[in-house]
Amino acid sequence: MCDVAEKSAIRHKATGDFKVLASEAKSGLWETFITQVCGDKSLYQFWQFHRKMNRRNTSQSFPTLRDSSGSVLTTDAEKGQGFLHRFVEQTEKGDKTDRHNIISALRDITSSGEPYIDLITKEDVVNALKASHSTAPGPDGVQYHHIKQLDETVINAVVMDFNKSVQNDVVPKDWLHSYLRPLHKHGKDPKLLTSYRILTLLNLFGM
Numbered sequence: 002m003c004d005v006a007e008k009s010a011i012r013h014k015a016t017g018d019f020k021v022l023a024s025e026a027k028s029g030l031w032e033t034f035i036t037q038v039c040g041d042k043s044l045y046q047f048w049q050f051h052r053k054m055n056r057r058n059t060s061q062s063f064p065t066l067r068d069s070s071g072s073v074l075t076t077d078a079e080k081g082q083g084f085l086h087r088f089v090e091q092t093e094k095g096d097k098t099d100r101h102n103i104i105s106a107l108r109d110i111t112s113s114g115e116p117y118i119d120l121i122t123k124e125d126v127v128n129a130l131k132a133s134h135s136t137a138p139g140p141d142g143v144q145y146h147h148i149k150q151l152d153e154t155v156i157n158a159v160v161m162d163f164n165k166s167v168q169n170d171v172v173p174k175d176w177l178h179s180y181l182r183p184l185h186k187h188g189k190d191p192k193l194l195t196s197y198r199i200l201t202l203l204n205l206f207g208m
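For the sequence shown, the working numbering begins at 2 and goes up steadily by one.
This is the structure:
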């Protein structure tokens with residue numbers, strides 16, 4: 002029979018061995034992933050990998066809410082739509098015409114029949130990463146510091162993806178996935194929709 006001290010020593014050793022093995026397994030998964038992702042221009046595997054490595058409970062409940070028109074929002078669907086409309090109102094800057102002009106200019110470039118010359122370079126991406134600070138991630142679980150750790154091959158694949166999006170006039174849907182997070186304003190009535198500021202957490206490519 003083992004005494005208490007011996008059992009404790011065995012338990013601590015087993016715990017230490019498990020941590021070492023877990024660290025080695027995680028490192029091995031990362032190396033395998035890096036090898037695979039170099040040929041995956043959409044970086045879908047990258048986002049899938051981080052979702053698995055960073056599982057989080059994102060459930061949150063809110064009281065019955067009242068919107069600016071006086072309507073009462075009781076179901077999750079009603080509250081979700083209410084927060085979405087609140088977000089649209091909050092982010093409206095009156096620059097829709099300017100944004101449409103930029104889109105039209107890009108389409109003129111890609112539909113002119115001339116050979117496409119990359120509008121986005123590796124230097125553009127690297128400089129943008131240097132100037133960016135990691136924030137709370139979107140559904141992909143990816144933050145800027147994750148991208149900063151990738152090698153040149155993967156960064157080049159990112160550049161190719163951006164240029165492919167411009168050239169083909171298509172923004173991949175997974176770039177646009179996001180979380181909307183209602184943030185209650187201190188001191189405001191939590192039952193009023195206007196008492197919340199809506200934060201958006203985008204997938205990295207959509208930021």
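For every residue, glycine included, the Cβ atom is placed at its ideal position computed from N, Cα and C. These numbers come from a predicted model, not from an experiment.
For residue i, which of helix, strand or coil comes out of DSSP?
| i | result |
| --- | --- |
| T201 | strand |
| Y117 | coil |
| H147 | helix |
| S60 | Caution is warranted here: a pLDDT of 47 is assigned to S60, below 50, making its placement in the model unreliable, and the coordinate value is therefore given only provisionally. In the structure shown, S60 sits in coil (DSSP, three-state: anything other than H, G, I, E or B). |
| L194 | helix |
Would you mind reading off the limits of the alpha helix (DSSP H) that contains residue i?
| i | result |
| --- | --- |
| S166 | 153 to 169 |
With respect to the beta strand (DSSP E) encompassing residue i, which residues constitute its N-terminal and C-terminal limits?
| i | result |
| --- | --- |
| L181 | 179 to 185 |
My guess is that residue i and residue j are in contact by the Cβ rule of under 8 angstroms, so how many angstroms apart are they, rounded?
| i | j | result |
| --- | --- | --- |
| S217 | L194 | Residue coverage of the chain in this structure runs from 2 to 208, which leaves residue 217 outside it and unanswerable. |
| V172 | S166 | 6 angstroms |
| T65 | K192 | 7 angstroms |
| Y117 | H134 | Not really, about 32 angstroms apart at Cβ, beyond 8 angstroms. |
| R108 | D170 | 6 angstroms |
| L120 | N164 | 7 angstroms |
| I1 | K123 | In this structure the chain extends from 2 to 208, so residue 1 is not present and cannot be described. |
For a cutoff of 9 angstroms on Cβ pairs, would you count residue i as touching chain B?
| i | result |
| --- | --- |
| V172 | Absent from the structure is chain B; it holds one protein chain and no more. |
Considering only heavy atoms of the ligand NAD, does any lie closer than 8 angstroms to the CB of residue i?
| i | result |
| --- | --- |
| E79 | For the structure depicted, the ligand NAD is absent and the ligand set is empty, with no information on it obtainable. |
Cβ contact (3+ pairs, closer than 8 angstroms) linking the stretch 196 to 204 and the stretch 138 to 147: yes
Write down every uninterrupted run of the alpha helix (DSSP H) in the stretch 71 to 136 whose length is 4 residues or greater and which is fully enclosed by it, in chain order. 77 to 92, 97 to 111, 123 to 131
Hey, is the stretch 193 to 200 in contact with the stretch 76 to 92, meaning 3+ C-beta pairs nearer than 8 angstroms? yes
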